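Let me begin by presenting the structure, written as structure tokens, before commenting on it.
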Amino acid sequence: MHELAVTKSILQLVLDETEKNHAHKVLKIQLAIGAMRNLEEEWIQRYFNYISEGTIAKNAVIKVHKIPVLFHCNLCQTDFTADVHLEEKILCPHCQGFEYDLVHGRELIIENIEVK
Amino acid sequence: MTNEIKLIDVRKNILSDNENQADLIREELRKKKVFMVNIMASPGAGKTSVIIQTLRRLKDTVNIGVIEGDVESTVDSEKILKEGVPAVQIQTGGACHLDAPMITAGLSDLDLDSLDLVFIENIGNLICPAEFDTGSDLQVMILSVPEGDDKVLKYPLMFTVCDVLLVNKVDYLSITDFNLELLKRRVHELNPRMQVFEVSCKTGEGMDIWCHWLNEQLQKKA
């Protein structure tokens, strides 16, 4: 259900940006969403179709660029990815270390908007 | 008006409005010297019970208020009021999380000048509340033993946004195959800074240790 709240924020940002740029039709909205966020393109599109009715963003296509989860090893400075939904232990593939930070995977960004 | 297709470079955080509002809340609470704790968990994990057990241990020395979030009903705020502690009920009318504007409204119904600590009891689920900053100083999640030790794999975002994990209902450990060490390992893989406390609201086990630690965090802000 949080998709609705997120989609409302997307619509608001898109309408603000299009107004600033004097556009009259929104064609495409490119999002970047971290793999850890529980948001799917199909659902965002469905909610968007519903709430954008009557605005210049009606019929805009939502595209999602998924950003994979990325860890940074603080011991050997290697960046690596891992599937956080699997049971396998997460270790740095280079030094087998256990001291790393999550650097990507939680993004929730509007990258750009295609307008007329 | 032109019909040329144009690309507007936006590069903005989708939830920036909520996050700006959350920053305003933090600023206001800093001025008032109020520490706010956001409690998140599944339905039935023990959010209200943890709050009540914590109130009972701290309320003689700490002035506490509670914001109760529920989709419907006022059952939880009634329980808190019975403890002699001010409580505000937010009914989201279907929304699955509390956001910063709702918390701003809730805080306006509490007398912040007379409070040191505010608990937010968020809506019961492990997905949506993780997405929305409430302006709290501390993000606390509760996982109860009957839910199982695999929840880190199913709801990783929640485990990355929290500062504290309370493993509740540890009195059930002996009758389940819940593996506490495996849970802690998984949690610390995603979030090495997570403080983990083992508690039972029923037996009181671990509650004093958690309350002592929480009180220390409060003193740091005051």
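These protein sequences, in sequence, are chains D and Z. Sequence positions in the first sequence follow our numbering and run -7 to 108. Sequence positions in the second sequence follow our numbering and run 31 to 252. Where a beta carbon is used, it is the ideal one built from N, C-alpha and C, also for glycine. Nothing here was measured: the structure is a model prediction, and the numbers come from that model.
Between Z:Val118 and chain D, the shortest Cβ-Cβ separation is not below 7 Å. Under the 10 Å beta carbon count, D:Gln88 is surrounded by fewer than 16 other beta carbons and is classified as exposed. Looking at the DSSP output, Z:Val197 bridges to Z:Leu173 and Z:Glu228. Contact annotation, Z:Val217 with Z:Leu195: C-beta distance approximately 6 Å; criterion of less than 8 Å satisfied. Below the 7 Å Cβ cutoff, chain D contributes Leu100 and Ile101 as neighbours of Z:Asn43, in chain order. The three-state reading of DSSP puts Z:Asp143 in helix, counting H, G and I together. In the structure shown, the three-state DSSP call for Z:Lys36 is strand. Three or more beta-carbon pairs drawn from the stretch 49 to 56 of chain Z and the stretch 165 to 178 of chain Z are found closer than 8 Å, and the two stretches are therefore classed as touching. For D:His96, the secondary structure class from DSSP, reduced to helix, strand or coil, is strand. Rounded to the nearest angstrom, the gap between the Cα atoms of Z:Arg41 and D:Lys81 is 34 Å.
Within chain Z, Leu183, Lys184 and Pro186 have C-beta atoms less than 8 Å from the C-beta of D:His77, given in sequence order. Three or more beta-carbon pairs separated by less than 8 Å link the stretch 71 to 85 of chain Z to the stretch 143 to 157 of chain Z, which places the two stretches in contact. Listed along the chain, the chain D residues whose CB falls inside 9 Å of the CB of Z:Asp47 are Ser1, Gln4 and Leu5. Counting only residues of its own chain and dropping the five nearest sequence neighbours on each side, Z:Leu45 has a CB closer than 8 Å to the CB of Glu161, Phe162 and Asp163.
Residues of chain Z whose Cβ lies closer than 7 Å to the Cβ of D:Asn41 do not exist, since the nearest Cβ in that chain is about 17 Å away.
Proximity to D:Lys50 across D:Phe90, D:Val61, D:Asp75 and D:Arg38 peaks at D:Arg38, based on C-alpha coordinates. Exclusion of the five residues before and after D:Ala74 leaves Ile82 as the residues of its chain whose Cβ lies within less than 6 Å of its Cβ. Listed along chain Z, the residues sitting closer than 9 Å to D:Leu19 by beta-carbon distance are Ile35.
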